[in-house]
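Here is the structure we will look at, set down as structure tokens.
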Amino acid sequence: MHSDRYATPSFQGLRTTLRPPRAVVVFKGDGDWLSHAAQAIYECGRVWGGSGFILIPHHNGSVLPALVRLAAAFDPDYVLNAQTTIGQHEAIYPGDLRVNRDNGEMMVGEQRTNALRHSFETRIPDPAARAARDLIANACTPHRYMIPQPDGSEEAHEQLHVLSLSDDRFGGHQPLSRAPVAMGGETRLAAGVPGDIQGLWGLAAAVHFGLCEPPALPFADASPVSFEVAKSVMRRALPSRRRSVTFSSEGAAWNSAWAMSESGTVRVQPWQASRKHNLVVVGRSADDFALAQGWHVQFGNSYWIPEQPPIAKKVADQLLWGLGQDMLSETEYRDRKAVLTSATLDEKQLQAIADGWVEKRVRVFTSWVDDDGETVTDQEDEKDPPAPRVMSPDGLDFTEGGVLVVRDQYDVPLALPATTDEHGQIELLVDLPPLAPAHPDLDSISEVTWQIDVDTADFKGPRMRGTPPHILQHGENAREFFVRSSRNGLSCYSASWGLILAGSTRTQAMAKPRLQFPSVITWTGAMAAANGFSTRFSPAGQRVEILRRLWGGRLDLMRAWSGPLRPVLLAFHTNKKRTSDAFPAHDGVVLQTPDAYLSFAGMARLYGAVDQAIAVELRGQVDHLCALGVLRRGLILRCGSCLVFNFITVDDLRSTNACHRCGAANPMSHERWGIPLDEPTWWYDLHPAARELLAADAGVGLLAADYLRRKGRAYDDVSELEFLRGNDPVAEADLLAVVDGRIILGEAKATPKLGTRSERAAKARKLATIATAVRADELLLCTTSASEWSTADIAAITDALGGAIPNVAMRPLIRTITRLGSTPVEG
Ligand SMILES: [Zn+2]
């Protein structure tokens, strides 16, 4: 929750991290996909930080929805196409390329070969791959820049589309830096999966070790090497107990080819990552490979079992069991859940494999011989390992993965002067100082560029989701720097895009953006604008704004309307005409329905002040609310002339008071206040904006907000925001909450109904419109009522979301809550 510190400059605590770029590399998942994947792994290894890239296959332009979610959670700086040259294509698919003479006749034989040879390095354009790349980029938030259009609008463009090290369009700097080259004699750094180990298992090993030589194309389906070699590679490539990549037994021959790509870096993980389960992916498709590779990069504990016999069926089975057994033991050891998944096998088939592992575990142990030729005998623990859980890729949670960062330069504290406005927007008042990696291993990269993550725990607003970059910076030079909203706060590309004069120092050429962490309101406005809408507070929203200012902050407002004070506030509103009906115990007075006035004794009963301590607590709250102007203390005096009741505040009281209605002068006397006999009772009035809220929906939206706030560590929100197209309101968000980074669009109602049949469809479409614009994770239907939301309402919303968001992976969940304010029940 923002602190409503208003715009007073203070020092803002920040954490900065330097890291190599993160990229998603899109490769061809059909045809001879093994060759494309192997080539992409090799290319990644040549890029600094490339071991941390994830590889995602496309099938004629489309992408498995779970992999789109993986890409979005991974949060790439760049989404890149892996490119295939004519030479590579010819090697993978000999004779496939059609070469024509000028007269249109097709070339054949040696003539064709010679013609092709001249353009072997030329990259083959692939519109389907580009479409898949765009699809993934739209689900992510890569670096973008805006180009003004003739009609005054702006068009977003991305900085980089292709996995390539030779593109120098950007003034000598390029986002991808070449990985350092191994120094002479250091052969231990120049190893990877040996070229003679190919096939699916070879690719599985390459995920862990990389490829230091260009793979032979085509990359063979199966490896011709012996079982002993294959086994040795697999055992190392899919390590469980021995996770280290340092091998001593066979000298210098083995080390990770990724080592060069990881120069000067270290992998760090958020604490949540340590609770991620082991993922075992079974299946031989490119999608299966990508699930395992992506999980490996994010969490480091994945196994890919392509089910392809390296030599013979029996050996494959043995490997499968052995790996499964490793996985089970690992689970037990680390107390993690194991999950078995597949993009190609159904859950029944997976369950059969899982059952087989548990059943045959003894046999596996006794029949397994480890690398050194010794029989594995560690059967000492008698406890049965837990059976792995079977899950479809759609159920996997890809968030909170590890990140490759520059060694010794991550999570470094920095304090800069900043202002925080009343909605929680943080604006830094100075430029980001130049921050450069200092690790000596990076000295050999001539034009190294990097990414700078800047974050603060005070920034609780939305991240990623294609946030328009212009709201992340202010200051005159904003167009010169690339800043994007990332899972690590704001991520900046290290090089300035502005004019860099020849002879500039490295520091001068570095990006120095003036950063801004947007409030939920600013963010929602920008997301709406990107979808052709504008936003403003609805009349209800303006009312909540008045109340927020009255209460001095949204947190206090929420607490008041959802805590023990709620029954007190609710009692200011009544449907009863007569005071004796509304307040038989004389707790309040009804002057004109629905407006009631309460005494302190009445409030104490409603508050549940059963003892002195609680009464004292309430007394403090009531006095505080009087000071804020939420409550007003006064007397209720009856005019002696026209007999109407007047509420007169303590500020206006005199010995003789004029009647509000007839103006008659009424001396203060017992007849004017009635009971009690001795002295008049103080009554309390509620601010009109609060009375309006009571009349509207009694603050269901605030109840929902408070409920969500309690569920998360970091919370921020905005309520009652109207979306307009032109001047026409088209939809309204009751509540837009950010709970631990998840965006929840709340529809709050006292009665759980979207309306009549035609109203229902229209309302569902409106909700879908907003959910699409803000890329909501959840659509939450909340009510104070005990009755359930109707299935027809939920079906209407499901339909509307399906129509608005074609990509299944991007559709928000629909959830319901009933009995808000008493004992909430989630549906
Ligand atoms: Zn009067």
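Residue numbering for the sequence shown is 1 to 827, as defined by the UniProt record's numbering. Just so you know, even glycine gets a beta-carbon here, dropped at the ideal spot from N, CA and C. Predicted model only: the values in this text are computed from it and were never measured.
Contact under 8 Å by Cβ, residue i with residue j
i           : j      : result
Val68       : Ala139 : yes
residue 837 : Asn531 : This structure gives no information on residue 837, because the portion of the chain shown stretches from 1 to 827.
Leu396      : Thr341 : yes
Thr649      : Gly634 : yes
Ala764      : Ala800 : yes
Ile521      : His423 : yes
Ile426      : Thr16  : no
Gly95       : Phe120 : no
Arg133      : His157 : no
Val825      : Thr769 : no
Arg672      : Arg638 : yes
Thr783      : Leu820 : yes
Leu70       : Phe398 : yes
residue 860 : Val403 : The structure shown does not extend to residue 860, since the chain is modelled only from 1 to 827, so the question has no answer here.
Leu736      : Asp706 : no
Thr141      : Asp75  : yes
Gly264      : His439 : yes
Leu598      : Tyr684 : yes
Pro433      : Trp450 : no
Arg661      : Asp595 : no
Among the options, nearest to residue i - alpha-carbon criterion
i      : options                        : result
His143 : Ala658, Gly401, Gly283, Pro21  : Pro21
Ala601 : Phe533, Thr681, Ala292, Pro824 : Thr681
Arg46  : Arg178, His470, Ser256, Cys626 : Arg178
Leu80  : Asn477, Leu176, Ala796, Thr399 : Leu176
Ala714 : Lys460, Leu18, Ala438, Ala220  : Lys460
Asp261 : Leu820, Trp48, Gly563, Ser444  : Residue identity check: residue 261 is Ser in the sequence provided, not Asp. Of the candidates Leu820, Trp48, Gly563, Ser444, the one whose C-alpha sits nearest the C-alpha of Ser261 is Trp48.
Ile197 : Cys212, Ala220, Pro214         : Ala220
Gly283 : Val297, Pro306, Ala704, Lys276 : Pro306
Val25  : Leu14, Gly13, Pro57            : Pro57
Ala82  : Arg98, Val108, Ala129, Arg112  : Ala129
Asp431 : Asn477, Asp734, Gly640         : Asn477
Glu155 : Pro469, His660, Arg506         : Pro469
Phe533 : Gly525, Ala205, Gly498         : Gly525
Thr467 : Pro434, Ala529, Gln409         : Ala529
Asp587 : Asn575, Met603, Arg578, Lys577 : Met603
Lys766 : Trp789, Ala804, Trp258, Cys626 : Ala804
Glu447 : Leu472, Pro513, Pro180         : Pro180
Ile797 : Thr772, Pro388, Ser785, Thr818 : Thr772
Any non-hydrogen atom of ligand 1 within 7 Å of residue i CB
i      : result
Arg661 : yes
Val738 : no
Cys782 : no
Val774 : no
Ala664 : yes
Ser641 : yes
Leu622 : Note on identity: in this sequence residue 622 is Val, with Leu being the wrong assignment. Val622: no, Cβ never under 7 Å from ligand 1.
Val644 : yes
Three-state secondary structure assigned by DSSP to residue i
i      : result
Glu186 : No answer about Glu186 holds up, because its pLDDT of 47 lies below 50 and its placement is not dependable.
Ile445 : coil
Gln12  : strand
Trp304 : strand
Phe299 : helix
Thr791 : helix
Pro434 : coil
Ser534 : strand
Asp75  : coil
Asp595 : strand
Glu545 : helix
Glu778 : strand
Gly87  : helix
Asp514 : The residue you asked about is not Asp; residue 514 is Arg in the sequence shown. Strand at Arg514.
Ala253 : Low confidence applies here, because Ala253 scores a pLDDT of 41, under 50, leaving its location unreliable; read the following figure in that light. DSSP places Ala253 in helix when its eight states are reduced to three.
Val610 : coil
Ile56  : strand
Ala685 : Contrary to the premise, residue 685 reads as Asp rather than Ala in this sequence. It is a strand residue.
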